[in-house]
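Take a look at the structure set out below.
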Amino acid sequence: MAYCGKCGNQIDEGVKFCPVCGAALQVEQPEAVQPEPQQPVQPEPTAEEKLQQATQTIDSVAQKLGNTAEHSAVYDKTDAEANKVMA
Ligand SMILES: [Zn+2]
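If you're matching positions, the sequence shown starts at 15 in this note's numbering and goes up one per residue.
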């Protein structure tokens, strides 16, 4: 048997609300205890992946600011010129 923690009324097992005062019952029931789902162990991201994530974050911020097009245009030009020099 369970008892309402608010009004002390005796309540049948399995009832979720006290029929007298309507309080939600915090009845200790084994079914409420669920085992923590085991998270699959994910491999530690490599430095490169971390850098990619950081870059993506920066890109998304730049997109919000509306600077993405200008920024990539400058970057592409610099990159192309660097490649020319390299070649
Ligand atoms: Zn009650």
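We put the CB at the ideal spot given by N, CA and C, even for glycine.
{"Item": "Output needed for E38: all residues of its chain with C-beta closer than 7 Å, excluding positions within five of it in sequence on either side, in chain order.", "Value": "Checking the displayed sequence, the identity of residue 38 turns out to be Ala instead of Glu. Cβ neighbours of A38 beyond the five flanking positions: K30 and F31."}
{"Item": "Could you tell me whether the Cβ of V29 comes closer than 8 Å to any Cβ of chain C?", "Value": "Protein chain content of the structure displayed is limited to a single chain, and chain C is not contained in it."}
{"Item": "From the DSSP secondary-structure annotation, give me the bridge partner or partners of I25.", "Value": "A16"}
{"Item": "For G36, tell me which candidate among K64, C18 and A96 has the shortest Cα-Cα distance.", "Value": "C18"}
{"Item": "Which same chain residues, not among the five before or five after N97, have their C-beta less than 8 Å away from its C-beta?", "Value": "none"}
{"Item": "Does DSSP put A37 in a helix, a strand or coil?", "Value": "coil"}
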